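In this note's numbering, the protein residues as written are 1223 to 1325.
(1) Which same chain residues, not among the five before or five after residue 1256, have their C-beta less than 8 Å away from its C-beta?
(2) To the nearest angstrom, how far is the alpha carbon of residue 1252 from that of residue 1291?
(3) Output the residue ranges of the beta strand (DSSP E) runs that lie fully inside the stretch 1253-1311 and measure 3 residues or longer, sorted by chain position.
(4) Indicate the three-state DSSP secondary structure (helix, strand or coil) for residue 1321 in the structure shown.
(5) With DSSP run on the structure shown, which of helix, strand or coil describes residue 1223?
(6) Which residues in the same chain have their Cβ closer than 8 Å to the Cβ of residue 1230, if we skip the five residues on either side of it in sequence?
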């Protein structure tokens, strides 16, 4: 029976050594994974920043285009409003001429 107990203790020690060895490998793997994840996040940020920097001229052109279209719309609206006022201004001009000629 003592031989069996000694053998069991021996196997328990071997199992513990194996678990400790694999546990340390597991911890090392997790540590390495966390480092890789942090580096990947930095690369994502760097890539995103570079992408935004590359888009800078296009964004600027888009902003300028939007400004030009707004200006074009404002000019068109102004022309329409002045066109609506033109008959009234022409009538006012004729009325002034008639009033001037009757004096």
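A virtual CB, placed ideally from N, CA and C, is assigned to each residue, including glycine. Remember, predicted model here, so these are calculated numbers, not experimental data.
Considering the structure as presented:
(1) none
(2) Cα-Cα distance, rounded: 55 Å.
(3) none
(4) helix
(5) coil
(6) Cβ neighbours of residue 1230 within its own chain (closer than 8 Å, five residues either side excluded): none.
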